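Asker:
Next comes the structure, spelled out in structure tokens:
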């Protein structure tokens, strides 16, 4: 009974700390929401209402049809019709126009006789992602025209730009970043916040009093991490809800499996946080260690931003020791492919193994005295 | 025996912080460790409160070994570190409540013990601990260290950084706690507080120089000290130091304390010497010996 009371008293104290510190409150709740919205809306490959110009050197019925199709799409806004090729550069320099579509002379005639006509899409490549997307969208529209044309006769239209994507690129990045942001946030909250909150006790000298009390070391640790387990779970729920409702990220698999894997990952991150707190004596050291030692690898090596397959081999090998990598694989598999544990047991086992390892190590490293 | 320290030594890398120290504190005694900063007082406290392990020697607190019976000691001692170590973002009441809870007790259960002290800070019980004055903080810290009715109380420089009035109040509170049967080990760099302890140990550079009651320490001091005063204090110290028979000269409040090498010292000789050095308003009279004087001579 006393043990339970002690535990509750300790957890209550932790919550006072958290709710009275505006900085940690912001990291806990502002950050996840800000990040997910930022990634969702600002950092996106979708284009909308991009201003383009058209140089129509044929001005015949076929070019008119294509131009009409482009005008009708939500992606492009035909801001300008230019008369000669020498105007293109000056249009780009003004900065408003992101792309120019050029129809060759005798477009319809060429289609009739040579079976080939050329539309050139020149894009402003100072923003490579936008340029790439515009090129893809343009070829998508023209291919659509082409397939309609095919139904009436067998004429072909050739476009300079190759189409690589056919579905909404924005959706694709959402699928990637919801698991990614969730991983980063859980790592941040669990590892950094716990390591900071434990080292704060060391820095303020209160750890000295806690040590000279009947509380056992593991009671102190559990009391310190429990609030963060709770808050991390809330964070995961917030991120998944935002992903689901705002960005239409599906959850095809079992929500219980997802919850179990998330808690597993949270515990592994927490044990990393405890480990960091055992080797650092100030909040600043703990924060730097968490940021450099955990956050950076999570962002760079987990496959969240840079695909692991395209990394150099040594980096690919290193990425294996990052728990976040396995967690992202698991989350994607559950949410997108809707698979059950039989497909991800290997990754789950790796994650469990890492968690056990970190917990054992941090308990061994935890000091029951001052040195 | 509440505390028994036996030949304890402790080094940090090359620095010997505590050098084979031995002392005993009886049940219900108010025992003072007196010494300047860096004398090793905090290290002794940390060894006795199980926070550090000594390199050599052994120690017992409340009958428990400080290394082997760590759990028992942590249950039965109260510890107030030198640095204010409560939660600044928690209120007075929340701090007290928290420490009561982790020690498995309640404020009500041991209210008798802290009542005298707590009453003084109770008007501020909803204030955050970080916003309290130095004296208030010490009182709160003492309440928190007492809340589980410890057998032995360790107070590491509890009055450092506290105003003189609060310091006085603090020592009155310690005396009351002592009457309730609590053994208290307290450290202080202030010599004037030494006389308030039952017994004291004078410490310097990790070594105990003397252990006795404050009165005995003063009584056993063999030399005669003179209060010397003149108009130009700075010049006076300089000239006294050049006096051939001087043993020790140091400023002490409004006077300069002078000790002569010879037991046959005649104040008149010194008077003449100083007059020749053009000093005016010269006063030379025997001084009341304090702990500080004894310490200066060690």
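Residue numbers (the numbering used here), protein chains in the order written: chain A, 4 to 374; chain B, 2 to 299.
Virtual Cβ for every residue (Gly too), placed ideally from N, Cα, C.
Predicted model only: the values in this text are computed from it and were never measured.
If we ignore side chains and look at the alpha-carbon of each, how far apart do residue 60 of chain A and residue 250 of chain A end up?
Answerer: Residue 60 of chain A and residue 250 of chain A: Cα-Cα distance of roughly 42 Å.
Asker: Let me see if you follow: with CB-CB separation under 9 Å, is residue 328 of chain A close to chain B or not?
Answerer: It does not; no Cβ of chain B falls within 9 Å.
Asker: In the DSSP assignment, find the alpha helix (DSSP H) that holds residue 350 of chain A and state where it starts and stops.
Answerer: First-last of the alpha helix (DSSP H) with residue 350 of chain A: 344-368.
Asker: In whole angstroms, give me the CA-to-CA distance for residue 15 of chain B and residue 184 of chain B.
Answerer: Each residue's Cα considered, the two are about 34 Å apart.
Asker: Under 9 Å, do residue 122 of chain B and residue 133 of chain B count as touching if we go by C-beta distance?
Answerer: It is a contact, given that the beta carbons lie within the stated cut-off.
Asker: So, residue 58 of chain B versus residue 93 of chain B, is the Cβ gap smaller than 9 Å?
Answerer: No, these two residues do not count as a Cβ contact at 9 Å.
Asker: List the DSSP bridge partners of residue 126 of chain B.
Answerer: BP columns for residue 126 of chain B are empty, so no partner.
Asker: Between the C-alpha atoms of residue 289 of chain B and residue 226 of chain B, what's the straight-line distance to the nearest angstrom?
Answerer: In a straight line, the C-alpha of residue 289 of chain B is about 8 Å away from that of residue 226 of chain B.
Asker: Name the chain A residues whose beta carbon is nearer than 7 Å to that of residue 114 of chain B?
Answerer: The contacting residues do not exist; residue 114 of chain B stays about 17 Å from chain A at best.
Asker: Have a look at residue 105 of chain B and residue 257 of chain A and give me their C-alpha separation to the nearest angstrom.
Answerer: Cα to Cα, the separation comes out at about 43 Å.
Asker: For residue 71 of chain B, which residues in the same chain have their Cβ closer than 6 Å to its Cβ, ignoring the five residues on either side in sequence?
Answerer: For residue 71 of chain B, where only same-chain residues beyond five positions count, the Cβ hits under 6 Å are 51.
Asker: What are the partner residues of residue 184 of chain B, as DSSP defines its beta bridges?
Answerer: Its beta-bridge partners are B:153.
Asker: Any contact of the region 182-201 of chain A with the region 235-252 of chain A, i.e. 3+ C-beta pairs under 8 Å?
Answerer: Yes, the region 182-201 of chain A is in contact with the region 235-252 of chain A.
Asker: Out of B:263, B:251, B:255 and B:31, which has the shortest C-alpha to C-alpha gap to residue 245 of chain B?
Answerer: For the residues B:263, B:251, B:255 and B:31, the minimum Cα distance to residue 245 of chain B belongs to B:263.
Asker: Give the residues from the region 196-212 of chain A that approach chain B closer than 8 Å (Cβ to any Cβ), ordered along the chain.
Answerer: Within the region 196-212 of chain A, the residues whose Cβ lies closer than 8 Å to some Cβ of chain B are 207, 208, 209, 211 and 212, listed in chain order.
Asker: Could you tell me which residues DSSP puts in a beta bridge with residue 92 of chain B?
Answerer: Answer is B:129.
Asker: Taking a Cβ distance cut-off of 7 Å, strictly less, list which residues of the region 216-247 of chain A are near chain B, in chain order.
Answerer: Result list: 216, 217 and 218.
Asker: One question on the structure: do residue 260 of chain A and residue 358 of chain A come within less than 9 Å of each other, judged by their Cβ atoms?
Answerer: Not a contact, by the Cβ cut-off of 9 Å.
Asker: With DSSP as the reference, label residue 17 of chain A as helix, strand or coil.
Answerer: Three-state DSSP puts residue 17 of chain A in a helix.
Asker: Residue 72 of chain A by DSSP, collapsed to three states: which one?
Answerer: In the structure shown, residue 72 of chain A sits in a helix (DSSP, three-state: H, G or I).
Asker: Within 10 angstroms of its Cβ, does residue 88 of chain B collect 16 or more other Cβ (buried), or is it exposed?
Answerer: Counting Cβ neighbours within 10 Å, residue 88 of chain B comes out buried, since at least 16 surround it.
Asker: Can you check DSSP and say which residues form a bridge with residue 331 of chain A?
Answerer: Answer by DSSP bridge pairing: none, since residue 331 of chain A is not bridged.
Asker: What distance in whole Å lies between the Cβ atoms of residue 212 of chain A and residue 112 of chain B, which are believed to be in contact at a cut-off of 8 Å?
Answerer: The Cβ separation is near 21 Å, so there is no contact.
Asker: To which residues of the same chain is residue 289 of chain A closer than 7 Å at the C-beta, ignoring the five residues directly before and after it?
Answerer: Here the set comprises 198, 199, 202, 279, 280 and 283.
Asker: Using a Cβ-Cβ cutoff of 7 Å, what residues of the region 89-119 of chain B are near chain A? List them in chain order.
Answerer: Under the 7 Å Cβ criterion, the region 89-119 of chain B contributes 90, 91, 95, 99, 102, 103, 104 and 105.
Asker: For residue 163 of chain A, which residues in the same chain have their Cβ closer than 6 Å to its Cβ, ignoring the five residues on either side in sequence?
Answerer: Note on residue 163 of chain A: pLDDT 45, under 50, position unreliable in the model; the coordinate value appears next. 123.
Asker: Would residue 56 of chain B pass as an interface residue toward chain A - the criterion being a Cβ-Cβ separation below 9 Å?
Answerer: Answer no: the Cβ-Cβ gap between residue 56 of chain B and chain A never drops below 9 Å.
Asker: State yes or no: is the C-beta of residue 69 of chain A within less than 9 Å of the C-beta of residue 95 of chain A?
Answerer: Taking 9 Å as the Cβ cut-off, residue 69 of chain A and residue 95 of chain A do not qualify as a contacting pair.
Asker: Tell me the DSSP bridge mates of residue 247 of chain B?
Answerer: Looking at the DSSP assignment, residue 247 of chain B forms a beta bridge with B:261.
Asker: Counting Cβ pairs, one atom from each stretch, are 3 or more of them under 8 Å apart for the region 34-45 of chain B and the region 62-71 of chain B?
Answerer: Touching, no.
Asker: Are residue 228 of chain B and residue 253 of chain B close, meaning C-beta to C-beta below 9 Å?
Answerer: Yes; because the gap between Cβ atoms is below 9 Å, this pair is in contact.
Asker: By the three-class DSSP mapping on this structure, what secondary structure does residue 324 of chain A have?
Answerer: Looking at residue 324 of chain A - three-state DSSP - the assignment turns out to be coil, as it is neither helix nor strand.
Asker: Are residue 373 of chain A and residue 197 of chain B close, meaning C-beta to C-beta below 9 Å?
Answerer: Not in contact: residue 373 of chain A and residue 197 of chain B (Cβ atoms no closer than 9 Å).
Asker: Against residue 75 of chain B, what residues of chain A qualify as contacts under a CB-to-CB distance less than 7 Å, listed in chain order?
Answerer: 215, 216 and 217, listed in chain order.
Asker: Run through the DSSP bridge pairs and tell me what residue 287 of chain B is partnered with.
Answerer: BP columns for residue 287 of chain B point to B:227.
Asker: Could you spell out the range, first to last residue, of the beta strand (DSSP E) harbouring residue 210 of chain B?
Answerer: Start and end: 208-213.
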